[in-house]
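So in this note's numbering, the last spot in the sequence shown is 398, and the numbers never skip. Glycine residues also receive a C-beta, built at the ideal position from the N, C-alpha and C atoms. Single-structure report; data block below.
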Amino acid sequence: MTQAADAIWFAHLATMVPNGIAYGAIEQGALAERAGRIVWVGPAADLPPPLRGPATIIHDHAGQWITPALIDCHTHLVFAGNRAVELEARLRGDSYESIARAGGGILSTVRATRAATEDELFEAATPRLLRLMQDGVRTVEIKSGYGLTLESELRMLRVARRLGAAHGVRVCTTLLAAHAVPPEFAGRGDAYIDHIISDILPAACAEGLVDAVDAFAETIAFSPDQVSRLFDAASGRGLRVKLHADQLTDGGGAALAAQHGALSADHLEYTSDFGAAAMAEAGTVAVLLPGAYANVGAAQPPPVAEFRRHGVPMAVATDCNPGSSPMCSLLLAMNLACCLFRMTPEEALAGVTRGAAQALGLAAKLGVLAVGMDAELAVWGVGHPRELAYWLGGFYNVKSCGLPSIGVAARK
Ligand code: DI6
Ligand code: FE
-13 MTQAADAIWF AHLATMVPNG IAYGAIEQGA LAERAGRIVW VGPAADLPPP LRGPATIIHD
47 HAGQWITPAL IDCHTHLVFA GNRAVELEAR LRGDSYESIA RAGGGILSTV RATRAATEDE
107 LFEAATPRLL RLMQDGVRTV EIKSGYGLTL ESELRMLRVA RRLGAAHGVR VCTTLLAAHA
167 VPPEFAGRGD AYIDHIISDI LPAACAEGLV DAVDAFAETI AFSPDQVSRL FDAASGRGLR
227 VKLHADQLTD GGGAALAAQH GALSADHLEY TSDFGAAAMA EAGTVAVLLP GAYANVGAAQ
287 PPPVAEFRRH GVPMAVATDC NPGSSPMCSL LLAMNLACCL FRMTPEEALA GVTRGAAQAL
347 GLAAKLGVLA VGMDAELAVW GVGHPRELAY WLGGFYNVKS CGLPSIGVAA RK
């Protein structure tokens, strides 16, 4: 006998299951949830009557659309200060790299972030997280990387965890201590990588603060050899890795990420066909960040057509950070991915649901509406899911989100 559900939603469903139907759509669908899991999805007319018990909460959103709750799989949400002066400098002709080489860029945010207390970082990041949540985001990846000392990297990751607990959002924490060479190690990148491997990584792991390890592979940051050493250490601890790859130059970053079985390689403006093929082979997700592309004024977009051709899974994220992508709207990122990268609205939505879940290693429980998955939903006042990528910045804010029947807090 079928047990009654805790809650049932009636709406059009963009399940995002890749079944050959656009958006995996089920018009006039029903979705039943029990104990936080999806137990039934299908056309409302086929809903088994026993699922609807006397205590089942009914959410009738007839005519509206439900998608999986959105996932922002690449952010640097925790930081102090801002870098609006760098926008002016870039408009005067300075490049992102030249600003970084002159001691601005990431290192200027490092100075501000080191000087901030844990509470100050929490207060600064809170409105950014709330803005993401207005766009239906319920899972956010947050990187460290503006501390670059043991103590300040851990502080950033603690703030990230605290943000998740305070706002009922699943936060995935990524250790990005290899974001820039800190001033204390100027000219000694290898010694800094040694310090991460022997001190920062173990301490962050001991506190349970690391879901994944990331690095910035670039001429202004870390070399392939340095990244490889760090990734070997991370893998030795059973951690998955991600890489900021080929953002400003083709440094072979995509292939390097693939070689290490990375969950994702991110940015990828300069990725070669060889790199795309390697990613497909390794199952590494291409995380595309159109905010950074637009704001830095990159010369070429990532090779989306090659990713499609090779079957590389794609994700879209905000890259919310004070330098290259001061943006807190995932719906805007979807629009930019379509207008700047020629992704389709369906690919953009898949990129903030199914693809993003895969980029975080959460594809077994998030990203599609299917039986057995976590019931994390967003209800939208749109006539068709393509509208989510259509409005610049999400005119149609999410109507409701999460799990009214059991609350949204403390799910990990
Ligand atoms: N690439 C980026 O776009 C961000 N980090 C990175 O490695 C930018 C970080 C910043 O400019 O503060
Ligand atoms: Fe980034």
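In this structure, the straight-line span from the alpha carbon of H60 to that of R215 is close to 23 Å. Looking at the DSSP output, E127 bridges to C158. Within the same chain, Cβ atoms closer than 7 Å to the Cβ of V64 are found at L107, A111, I128, M142, V145, A146, the five residues on either side in sequence being excluded. Positions of the beta strand (DSSP E) runs, each at least 3 residues long and wholly inside the region 72 to 149, are given as 123 to 129 in order along the chain. In this structure, K385 has its beta carbon at no less than 8 Å from each heavy atom of ligand 2.
Taking a 10 Å sphere around the C-beta of A240, we find 16 or more other C-beta atoms and assign the residue as buried. In the structure shown, M265 adopts helical secondary structure according to DSSP, grouped into three states. With respect to the 9 Å criterion, L116 and S315 are not classified as neighbours on the basis of their beta carbons. With fewer than 16 neighbouring CB atoms inside 10 Å of its own CB, G224 falls in the exposed class. Assigned with DSSP and collapsed to three states, Q286 falls in coil, not helix or strand. With distances taken between CA atoms, T257 lies nearest to Q233 out of G269, H246, S250, Q233. Here T160 is buried. Its C-beta has 16 or more other C-beta atoms within 10 Å. Listed in chain order, the non-local C-beta contacts of R38 below 8 Å within the same chain comprise A(-10), A(-9), I(-6), I44, local neighbours out to five positions each way being set aside.
At a Cβ-Cβ threshold of 9 Å, L(-1) and A18 do not count as neighbours.
In this structure, ligand 1 has no non-hydrogen atom nearer than 8 Å to the beta-carbon of L335. Within the model, the alpha-carbon separation for I7 versus T1 is close to 10 Å. Taking the Cβ of S84 as the reference point, every heavy atom of ligand 1 lies at 8 Å or farther away. Per DSSP, reduced to three states, the secondary structure at M320 is helical. Here the alpha carbon of T42 sits roughly 30 Å from the alpha carbon of A336. If you look at R23, you'll find it in the beta strand (DSSP E) that goes 23 to 29. Counting of Cβ neighbours within 10 angstroms places Q14 among the exposed residues, the total staying below 16. Per the coordinates, the alpha-carbon of R340 lies some 20 Å from the alpha-carbon of A244.
Counting only the Cα atoms, V273 lies some 25 Å from A70.
Counting only the Cα atoms, P276 lies some 30 Å from Y178. With contacts defined as CB atoms closer than 9 Å, G358 and R23 qualify as a contacting pair. In this structure, N307 has its beta carbon less than 8 Å from a heavy atom of ligand 1. Distance from the C-beta of F202 to the nearest heavy atom of ligand 1 is below 8 Å.
Per DSSP, reduced to three states, the secondary structure at P36 is helical.
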